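Anchor point for the sequence shown: position 24 equals 24 in UniProt numbering, and the numbering is continuous, going up by one each time.
Built from N, CA and C at the ideal position, the CB exists for glycine as well.
Keep in mind it's a predicted model, so treat the numbers as computed, not measured.
What follows is a set of notes on a single structure, which appears directly below.
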Amino acid sequence: MYFFQEDPNDINPKRKDVRGNDGEDKAQSVETLPPGKVRWQDFDQDAYVGATMVRSGQDPYARNKFNQVESDKLRMDRSIPDTRHDQCQRKQWRIDLSATSVVITFHNEARSALLRTVVSVLKKSPSHLIKEIILVDDYSNDPEDGALLGKIEKVRVLRNDRREGLMRSRVRGADAAQAKVLTFLDSHCECNEHWLEPLLERVAEDKTRVVSPIIDVINMDNFQYVGASADLKGGMYLTPMIAGGLFVMDKSYFEELGKYDMMMDVWGGENLEISFRVWQCGGSLEIIPCSRVGHVFRKQHPYTFPGGSGTVFARNTRRAAEVWMDEYKNFYYAAVPSARNVPYGNIQSRMELRKRLSCKPFKWYLENVYPELRVPDHQDIAFGALQQGTNCLDTLGHFADGVVGVYECHNAGGNQEWALTKDKSVKHMDLCLTVVDRAPGSLIKLQGCRENDSRQKWEQIESNSKLRHVGSNLCLDSRNAKNGGLTVEICSPSLSQQWKFTLNLQQ
Ligand SMILES: [Mn+2]
């Protein structure tokens, strides 16, 4: 998914002052803390975290969907392994960078996790590069969760007086930010050694870069910090999609580009939307392997979604599809048919934004940024994997005159990617399913696709649940998959004849 580009500065970094130093930052050193503020080292962790400890007999997962008991046990400045590649550990980072405002939004976050996020930012960043940490409390039940952290140096707390969701909360934080660069983090992260400098460097050189760290895993059960793949060296990777919503972006560029879609609710779809927008409107998304931030990945979302999570997610992703995907939105609707019935509100201002910024079409994004993403052709009426239970139709690596079989579905395309086209062929690249012999029990072969070859004509029948060969009226069948390959058989209700494409496009 990523393509690698060596950073020209990697071996012998050239130091040049891009923006100059922000004089203000230097003046606000730890020796001159404003009244009422404490250094993070002096914050009373035990009192803060102790007030919301899990009581004995309570489920440690109930509140946060991660093990809060384990989280609460850890010190706010616990040490974590430096997960960077050796090459990154040896590198000297520029420090002549402008400071950033770190924006962290949260809703009912475990105090210990939120505190560790804040402390790791302060502990693992050069002090002059952190202008402030803006905590946006998205209407948590207990206002003290955020308010008490306002004591810590550089921390500012904003509290919504109703639930606004991630996107509007982040925009509120961004609007309040005083630095020229924004850093968005989740509320259950831990920043690693020199996480910030490589990110700020890339943005200082070109403000249209939106950059993310590699996200390491903080285990949700025992809170062990585990590095993501270690073979990622220096330089950077372009990525078609932002992962996880941890990123650094120039503030004026964030504004120019339309911030976030303020009509998206709660959570979901925002990474998709901002990824399309950045790329289509002239920016780029990068992952910087020398920057590492740990994140607690959970299986479930801890909080409830007004309107139900499915509906909110569909509404948000539908807005992204309607504004950015052009005719390709039909593939989205084919994949998520229920989204068609979810109202998505007014998108006029986002459409105007797209026009004003002269953003490129989605086709450009697919061809230039995300060529690995396979999308259907306009000739296709069904596309994707052809699934039967947990198995999928598979070429088994065979070519012309080979048989086909089934294999456990892997959702990675490749040998399991098929299309049913308007001219009724079932295609894998330029190979077509061919009925060589029209007798029940005959093996189906892969052969080069030919126009008007009746041996290669198929149609879906019975609500797209079966594939019937047009000339013989026999059905695609897997009963002999283990001894020889797929065959055609007299159509019957047998489960071995039930097939379903990932996408059906002819609604
Ligand atoms: Mn998260």
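- Of all alpha-carbon atoms in Gln-92, Glu-286, Val-436 and Ser-125, the one lying nearest the alpha-carbon of Trp-40 is that of Ser-125.
- Approximately 4 Å separates the beta-carbon atoms of Leu-232 and Pro-289; this is inside 8 Å, confirming the contact.
- For the pair of segments examined, the region 164 to 175 was found to touch the region 261 to 276: the number of CB pairs separated by less than 8 Å reaches three.
- In this structure, Ala-385 keeps its C-beta atom at 9 Å or more from the C-beta atom of Thr-487.
- The beta carbon of Val-119 is closer than 6 Å to those of Trp-40, Met-76 and Asp-77 in its chain, skipping five residues each way along the sequence.
- Burial is judged here by how many other beta carbons sit within 10 angstroms of a residue's own beta carbon; Leu-420 has at least 16 and is buried.
- Taking 9 Å as the cut-off, the Cβ atoms of Thr-100 and Ser-169 do not count as close.
- Looking only at Asn-330, Leu-353 and Cys-359, the smallest Cα-Cα distance to Val-375 is reached by Asn-330.
- Looking at the backbone, the Cα of Glu-451 and that of Gln-506 are separated by about 21 Å.
- Per DSSP, Ala-419 is one residue of the beta strand (DSSP E) stretching across 418 to 421.
- In this structure, Lys-180 sits away from Ser-127, with a CB-CB distance that is not shorter than 9 Å.
- The Cβ atoms of Phe-247 and Thr-183 lie closer than 9 Å to each other.
- Membership of Gln-387 in the beta strand (DSSP E) is indicated by the continuous run 380 to 388.
- For Thr-395, the secondary structure class from DSSP, reduced to helix, strand or coil, is coil.
- Counting C-beta atoms within 10 angstroms of its own C-beta, His-107 has 16 or more neighbours from the protein chains shown and is therefore classed as buried.
- For Phe-297, the Cβ falls inside the 8 Å cut-off from some heavy atom of ligand 1.
- Asp-161 and Asn-504 have their alpha carbons spaced roughly 44 Å apart.
- With contact defined as three or more Cβ pairs closer than 8 Å, the region 314 to 326 and the region 347 to 355 are in contact.
- Membership of Lys-233 in any beta strand (DSSP E) is not indicated, and neither H nor E is assigned to it by DSSP.
- Per DSSP, Gln-497 has no beta bridge partner at all.
- In the assembly as shown, Thr-390 is an exposed residue. Its beta-carbon has fewer than 16 other beta-carbons within 10 Å.
- Ranking Val-436, Asp-394, Ala-62 and Arg-209 by CA distance to the CA of Lys-427 puts Asp-394 first.
- By the CB criterion at 9 Å, Asn-271 and Gly-294 fall outside the cutoff.
- Taking 9 Å as the cut-off, the beta carbon of Val-336 is found closer than this to the beta carbon of Ala-314.
- Nearest to Asn-64 by C-alpha distance, out of Arg-479, Ala-110, Gly-282 and Pro-361, is Ala-110.
- Here the C-alpha atom of Val-404 lies approximately 6 Å from the C-alpha atom of Leu-396.
- Between Met-236 and Glu-286, the C-beta spacing is below 9 Å.
- DSSP, reduced to helix, strand and coil, places Phe-43 outside both helices and strands of the structure shown, so it counts as coil.
- Trp-195 is not bridged by DSSP to any residue.
- Taking 9 Å as the cut-off, the beta carbon of Trp-458 is found no closer than this to the beta carbon of Leu-446.
- Across the set Gly-471, Asp-59 and Met-249, the C-alpha of Gly-471 shows the shortest separation from the C-alpha of Asp-437.
- Distances from the alpha-carbon of Tyr-365 to those of Val-278, Tyr-225 and Ser-338 put Val-278 closest.
- Proximity of the region 132 to 152 to the region 171 to 180 meets the contact definition, three or more beta-carbon pairs being nearer than 8 Å.
- In this structure, the CA atom of Gly-50 is about 52 Å from the CA atom of Asn-368.
- Lys-422 places its beta carbon 9 Å or farther from that of Ile-461.
- Here Arg-156 carries a strand assignment [DSSP, helix/strand/coil].
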